[in-house]
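Residues in the sequence shown are numbered from 1 upward in steps of one, following the UniProt record's numbering.
Backbone N, C-alpha and C define an ideal beta-carbon position, used for all residues, glycine too.
What you are looking at is a predicted structure, and each value in this text was computed from that prediction instead of being measured.
Notes to accompany the following structure.
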Amino acid sequence: MANPLRNIIESDKKEMLRLNRIADQVEAYQDEMATLSDTELKAKTPYLRQLLKDGKTLDDILPEAFAVVRESARRVLGLYPFRVQIMGSAVLHGGNISEMRTGEGKTLTATMAVYLNALPAQGVHVVTVNEYLAARDGEEMGELYQWLGLTVGINTSEKSASEKRDAYNADITYSTNSEIGFDYLRDNMVANKEDRVQRSLNFALVDETDSILIDEARTPLIISGAPEQENTQLYIRADRFVKSLVAEDDFKVDMEAKTVLLQNEGIKKAERYFNLDNLYGASNTALTHHIDQALRANYTMDNNKDYVIRDGEVVLVDSFSGRIQEGRRFSDGLHQALEAKEQVQIQEDNRAMASITYQNLFRRYKKLSGMTGTAKTEAEEFREIYNMEIITIPTNRPVRRVDDQDLLYPTLHAKFNAVVALIKKLHAKGQPMLIGTVAVETSEMLSSMLDAQGIAHNVLNAKNHAREAEIIANAGQKSAVTIATNMAGRGTDIKLGPGVAALGGLAVIGTERHESRRIDNQLRGRAGRQGDNGYSQFFLSLEDDLMVRFGGERIRLMMERMNLDESDAVIRNRLITRSVESAQRRVEGNNYDSRKNVLQYDDVMSQQRNTFYENRNAVIDEENSLVDVILPMAERTIKRVVDSHTIGKPEEWNLKPVVDFAGAILVNEGEVTLADLEKKSQTEIEDYLYGLAKDVYLAKEAQLADADQLLQFSRVVVLRVADARWTDHMEAMNELRDAIQLRGYGQLNPLIEYQNEGFQMFEEMIADIEYDVTRLFMKAEIRQNLR
C-alpha cells in the first residue's frame, strides 16, 4: 500500500522542479529585458496582448510577461523580484495558494501574476483584508501597472456607483472582500442593467487568503432592508378593508387551495377605499400583497386551530401534531396580517434582501488564487472547498529566528508576572518586542502592568488600519514595545532599526496559544524576516481557555507528580507544546466542520440564488420584449390552477374555482362561465384560457405604440413581484434551517430534509411569482401607469 506521506513529499518535489523550470525560463530573459529602453519595455504590453489575440495562451507568454514585470519593477519601484518570488507568482497564476513567510515580499510577488492575467482585459481583482491596504497596494503597485500601460482601479465603500463602475472596468481592481461581496449582491438587486457596477468575476488574487477564505467564512454577507414605518399601518388598513367585504359578492374563497380571490365588486371597493385608479397598477404591488394576506388571514385561518393568542402574541399550531410551534412565524407578511386581524402588536423584522457566504462568492470566479504566510494547517479545507492547493515557497535566505519551547505556569497571575519580567529584561537592552494577545481585555491588562513598570508601549487591536500599519512598521525600532491582539497589522512589514540585529532582532512574545495554529504562526513569523535575527517565546497557564478546554487536567496531574505546584513553578517541556498543538488540531477540526456545515446549507441556497439571479438578469438584459417571459408564466399558472381542480373523472371536477380564477386574474368577471368550460378536456380548458390570456396581452400591446413602454412596464411588474417573493423565500429558508435541526432527533438527516423542503419551497416561490405576475399584468391599466 502506498504511503500517503511519501506521495505528498513526491508531489511537493515535482512541483518545486516545475516552478524552478519556470523560474529558469523567466531569468533567461533577464539580459534581453535589461537592454531595452523604457519605450521598448512599455511596448511589450500591446505586443503580448497581440500574441494572445493570435492564439497564444497565458501559459505560453508567462516567461516573457514575468520578465517584463521584473525589469519594470526595477525601474519604477526600485525592486527586483527574487527567484523565489517568480516561483510564488507562478503558483498564483496556476490558481493555487502561495505560502510565503512574512517579509518575503508577497506584494511584489503578486505583480507578475496580476500583470499576466490582466492582459486579456477581463479584469483581475486583488483582494485585501481592509481598505487601507487596498488603497496602499493599489497606489504603490498601481504605479508599476500604469507605467506598463494597464489601468488600475481602487474600489472602496465610500465611492459612488459610477466611481465603482470605473474601478471595476479597470484591468486591475484593488478592493476588500466585503466590498466585492456587497457590490455583487447589490448588482443582483438593480432594476436596470446600467446600474450594475461589476463585470463578470474573472480572476481573484486574495491576499491574506487564510484570513479571508477561512476565518471570515463563517459569517455570510447580508443586505438587510429595514421595514418601512408605514408597513404596520398598511397591515392595519388592509385588515380593516377586508373585514368590510361581503363574501361571494366581493370575494370568493377556495378552501382547497387556501386562496381568496377578489371579485370585480371587491376590486372596485378597494380602489375607492385606498383612493386608487387601478388596484393592479405596478406601483401598487405592495398594497395588493397586503390585501391578499389580509384576506387569507381573515377567511382561511382560524384562531385556536391554525394559531392561538398567547401573552398578546400570535403563536402557530402544528397542523399535524396540534402542538405549539415555539419561535416559528409565518413568512411573506402573513404573520403580520394575523396580528392585525387579532389586534395584537404587529412585529416587524429587518429582512434579508440578499445574502451570500464568502465561500460561494469566491467560488464564482473563473480562477481563484491566494497568498499568505500561514495556510498549510488548513490544506484540506482549501482543497475541498476551493479546489486550491497550498504550495510552500522556500525563503530567499535561511531562517535564523530562534523559537524557544513554550513555558507553562499554574496560574494566569504567575504567567503574566513572567511575561512582564521578560519584557523588562529585553527592554533594558533595547531589543524591540511584539507581544501577542488573544483578547482585547488581555492586551489592556498587560498594558496597565507595563504602565506600572514605566515601560512605554503601543497597543493595537485593529481599530485604526492606517495608524495600525504605521505602528507595526515601526515595531522593529530599538526599544519599541508593541502589544497586538490576534496579530493586528497583517500586510505590513516589520523592518529592523539600526543596531537591532546585534541585539537579537525582533522578539515575539505570545501571552497565550490561539485556538488556531495559523494565528500563532502568523505572530511568530513577524520575527526573522529575510534572514534577520529573531526570537519567539510563548507563555501558557493552566487557566488559559485552550488548556481548560483541552488537556489541562492531565498536565496539572503531571505537575503534581513532579511536585511543581508552587505559584511560580514553570515547565519547559516538548510534551506541553505537543499537547497544546493536539488541542489546537481538535479545535481547528471542529471549526472546519462548522464552516463546512454552513457551506453545505448555503450550497442549497446557492443553487437557488444562481437560478433566480440568472432569470432576473435575463429580464433586465432583454432589449426588445418580455412576451416570451410573461406568456409562459401565464400558461404555467393556468395549468396549475386547472390541474388542481380537474382531478379524477370529468364528473368529479370542480370547475367553479377555475371560472372564479379566470374572472379575477385573466379577464373581466363574467367573461368566462361554467358553460364555456364544461364538456372540454383538461387540455382544451387550458388552451382556451391561455388563448384568452394571449388576447389580453396582444390588446395591451396594441394600446402602446411604443414597444419600449411595454417592455419597461413588463420589467417593472416582473422585478417587483420577483424581488418581494425572493425576500420572503430567503426568510422562510432561514426559518426552515433553524427548525430543521430537530429532525435529527427523529433519525432523519437535517441536511437532506433541508434540501428536499428547500427545493419544494423554491418551486412554490416560482409558482407564486408566476401567479402574481400574471394577475398584475392582465389586470393592469397600462396607459394610466405610464402617463
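DSSP three-state assignment for residue i, whether helix, strand or coil
i: E770; result: helix
i: F538; result: strand
i: T57; result: coil
i: F330; result: coil
i: K403; result: Residue identity differs from the one stated: residue 403 is Asp in this sequence, not Lys. In this structure, D403 counts as strand in the three-state DSSP scheme.
i: I494; result: coil
i: N20; result: helix
i: N387; result: coil
i: F182; result: helix
One or two residues paired with residue i in a DSSP bridge
i: M433; result: V481 and A507
i: M371; result: S98 and D207
i: N303; result: Y307
i: T128; result: T176
i: E265; result: DSSP, once it has assigned bridges, lists no residue as partnering E265.
i: Y409; result: S541
i: I222; result: S355
i: V314; result: I309
i: K252; result: L261
i: A247; result: F251
i: I571; result: L408
i: N533; result: R400
Start-to-end residues for the beta strand (DSSP E) that takes in residue i
i: T176; result: I172 to T176
i: T392; result: I390 to T392
i: G153; result: V152 to I154
i: N458; result: N458 to L460
Member of the options whose CA lies at the smallest distance from the CA of residue i
i: P120; options: S355, E104 and G55; result: G55
i: N360; options: F538, G181 and E757; result: G181
i: V580; options: S162, H125, L407 and D728; result: L407
i: A724; options: A354, V317 and G123; result: A354
i: K478; options: V500, T357, E468 and I472; result: V500
i: A421; options: F382, P632, A452 and V197; result: A452
i: A34; options: R74, T57 and F203; result: R74
i: N654; options: F203, T285 and T646; result: T646
i: P410; options: D676, I61 and V548; result: V548
Residue i to residue j span [Cα, whole Å]
i: G476; j: A527; result: 9 Å
i: L711; j: V627; result: 9 Å
i: D687; j: Y307; result: 40 Å
i: V773; j: A780; result: 10 Å
i: R715; j: V619; result: 7 Å
i: K53; j: L689; result: 54 Å
i: I435; j: A484; result: 6 Å
i: L213; j: D239; result: 48 Å
i: M433; j: L19; result: 36 Å
i: M87; j: T128; result: 21 Å
i: L108; j: A135; result: 15 Å
i: E651; j: L674; result: 13 Å
i: E64; j: N396; result: 22 Å
i: W726; j: D708; result: 26 Å
i: S321; j: N387; result: With a pLDDT of only 44 at S321, under 50, the local geometry of the prediction cannot be trusted, and no value is derived from it.
i: D545; j: G525; result: 23 Å
i: D603; j: N155; result: 28 Å
i: A379; j: N521; result: 15 Å
i: F66; j: L368; result: 19 Å
i: Q682; j: A722; result: 29 Å
i: R296; j: H289; result: 11 Å
i: Q405; j: T57; result: 50 Å
i: V260; j: V629; result: 26 Å
i: D137; j: G153; result: 11 Å
i: residue 832; j: K14; result: Because the chain is modelled from 1 through 787, residue 832 falls outside the range shown and cannot be assessed.
i: V717; j: F777; result: 7 Å
i: G333; j: E143; result: 53 Å
i: T102; j: D532; result: 11 Å
i: G534; j: L503; result: 9 Å
i: K415; j: R186; result: 49 Å
Residue range of the unbroken alpha helix (DSSP H) whose run includes residue i
i: K694; result: Q682 to Q703
i: R165; result: A161 to N169
i: T611; result: R574 to D621
i: N521; result: R517 to R524
i: L677; result: L674 to L677
Cβ of residue i within 8 Å of any chain B Cβ
i: N130; result: Going by chain labels, chain B is absent from the structure shown, which holds only one protein chain.
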